[in-house]
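Numbered according to the working numbering, the sequence shown spans residues 1 to 74.
Where a beta carbon is used, it is the ideal one built from N, C-alpha and C, also for glycine.
All values reported here derive from a predicted model rather than from experimental measurement.
Data block below; observations after.
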Amino acid sequence: MTASNQKDIRKQFGERLRYLRLIRELSQEDLAHLCNLDRSYIGGVERGQRNVSLLNIKKIADALCVSPKEFFDE
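Here it is as structure tokens:
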């Protein structure tokens, strides 16, 4: 996998996270609080700048009341 493909995956994940967060009418701050993560971390993930760990994917999914697979479904 090339570096650009890895960035594309992070970007797609971030866009899906933003969508799921917004339809639940949560701010980044609200979501960060629910996940026990920093708001700037959530912002970085949404912008595709962070390589989110499996543990944090699970925390975020739980906070949004979705399955982790929701981040990868199109």
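- Per DSSP, reduced to three states, the secondary structure at glutamine 49 is coil, with no helix or strand assignment.
- The C-alpha of tyrosine 19 is placed about 17 Å away from the C-alpha of serine 40.
- Rounded to the nearest angstrom, the Cβ distance from leucine 17 to phenylalanine 71 is 6 Å, consistent with a contact under 8 Å.
- DSSP, reduced to helix, strand and coil, places serine 67 outside both helices and strands of the structure shown, so it counts as coil.
- Burial is judged here by how many other beta carbons sit within 10 angstroms of a residue's own beta carbon; glutamate 25 has fewer than 16 and is exposed.
- Restricting attention to Gln49, Gln28, Cys35, Arg47, the CA atom closest to the CA of asparagine 56 is found in Cys35.
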